[in-house]
Amino acid sequence: MILAIASVLLGGCSKAPQGLRTLPDFSLTAVTVDGTSPLDRRALRGRAWVADFVFTRCTGPCPMLTANMAGLQKRLPRKIGLLSFTVDPDHDSPEVLNVYARKFSADPQRWFFVTGEKSALTGLLRDGFKMSVREGAVAESGANITHTTRFVLIDAQTRVRGSYDGEDPAALDLLTADAERL
1 MILAIASVLL GGCSKAPQGL RTLPDFSLTA VTVDGTSPLD RRALRGRAWV ADFVFTRCTG
61 PCPMLTANMA GLQKRLPRKI GLLSFTVDPD HDSPEVLNVY ARKFSADPQR WFFVTGEKSA
121 LTGLLRDGFK MSVREGAVAE SGANITHTTR FVLIDAQTRV RGSYDGEDPA ALDLLTADAE
181 RL
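Note that this note's numbering has the sequence shown beginning at 1, numbered continuously upward.
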């Protein structure tokens, strides 16, 4: 009995959380109001990140998601970075994302808008983040892309720590608290 209790207590002392998924390697482009730079998984190491998935022609939830990310930029400590991955890379070129970043006053030291090859972005979204994205028929107003509205918390070892409803203020409060603990 004592051994069972000791093993349970000591099991809670492990240095690495169990069951966390590490992001796979990727090679994309980070866009800020100051320009572009290569972005890969190694570049994320050493800093916690909050990620979301949007596109600039979106007339649905994306403007609110990006506004919520702008709110997190103000609320979270500067040590936590922000990543907004486009789900429409055919349209969301670095130039388009630069304008979008400016619209939301993105801090170039911590908020990166990410684009790249469509297959690489879709693969990372599905296989790395375990989130969905689906294209439908192109609407008159732009692309018709159905995608997740979840924000993802990534730790400094590029492990996914959790996902949160990007449209729910209570979930964003929880995300803030969880991110501050990293």
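Cβ atoms here follow ideal geometry from the backbone N, Cα and C, with glycine treated the same way.
Review point. If we ignore side chains and look at the alpha-carbon of each, how far apart do Y164 and F112 end up?
Key: One Cα belongs to Y164, the other to F112, and the distance between them is close to 19 Å.
Review point. With a cut-off of 8 Å, do at least 3 Cβ pairs link the stretch 172-179 to the stretch 64-73?
Key: The stretch 172-179, when compared against the stretch 64-73, does touch it at the 8 Å Cβ threshold.
Exercise for review: Provide the residue span of the alpha helix (DSSP H) that contains D178, from first to last.
Suggested key: For D178, the enclosing alpha helix (DSSP H) covers residues 169-180.
Check your understanding: Between the C-alpha atoms of A16 and R42, what's the straight-line distance to the nearest angstrom?
Key -> Caution is warranted here: a pLDDT of 38 is assigned to A16, below 50, making its placement in the model unreliable, and no coordinate value can be reported.
Practice item. Indicate the three-state DSSP secondary structure (helix, strand or coil) for P35 in the structure shown. Key: Before going further, note that residue 35 is Gly rather than Pro in the sequence given. Looking at G35 - three-state DSSP - the assignment turns out to be strand.
Check your understanding: For G46, which of helix, strand or coil comes out of DSSP?
Key -> The three-state reading of DSSP puts G46 in coil, since its state is none of H, G, I, E or B.
Point to revise | Where the beta strand (DSSP E) containing M71 begins and where it ends | key: Sequence inspection shows Gly at residue 71; the Met mentioned does not correspond to that position. Where G71 is concerned, there is no enclosing beta strand (DSSP E), although the alpha helix (DSSP H) it sits in stretches over 62-75.
Check your understanding: According to DSSP, which residues form a beta bridge with A51?
Key -> DSSP, once it has assigned bridges, lists L83, V152 as partnering A51.
Exercise for review: Starting from S163, follow the beta strand (DSSP E) in both directions and report where the run begins and ends.
Suggested key: 159-165 is the extent of the beta strand (DSSP E) around S163.
Practice item. Report yes if the C-beta distance between G166 and D52 is below 7 Å; otherwise report no. Key: For the pair G166 and D52, the CB atoms are nearer than the 7 Å cut-off.
Point to revise | Cβ shell of S141 (< 6 Å), same chain only, five flanking positions each side left out | key: Because the pLDDT at S141 is just 49, under 50, the model does not fix this residue reliably, and the point stays unresolved.
Practice item. Whole angstroms is fine: what's the gap from L121's alpha carbon to R181's? Key: A straight-line Cα-Cα distance of about 28 Å links L121 and R181.
Check your understanding: Given that a residue counts as buried once 16 or more other Cβ atoms are within 10 Å of its Cβ, and exposed if not, what is A177?
Key -> Taking every protein chain shown into account, the CB of A177 has fewer than 16 other CB atoms within 10 angstroms, so this residue is exposed.
Check your understanding: What is the C-beta distance between A48 and A156, in whole angstroms, given that I count them as a contact (C-beta under 8 Å)?
Key -> Sure, about 6 Å apart at Cβ, within 8 Å.
Review point. Going by the beta-carbon positions, is the gap between L82 and V50 smaller than 7 Å?
Key: For L82 and V50, yes; Cβs fall inside 7 Å.
Point to revise | Backbone CA spacing between D183 and P94 [nearest angstrom] | key: The structure shown does not extend to residue 183, since the chain is modelled only from 1 through 182, so no value can be given for it.
Exercise for review: Would you tell me roughly how many angstroms separate the C-alpha atoms of G162 and P24, rounded to the nearest one?
Suggested key: If you take the alpha carbons of G162 and P24, they lie about 16 Å apart.
Check your understanding: Opposite T115 in the DSSP bridges: which residues?
Key -> Beta-bridge pairing links T115 to T29.
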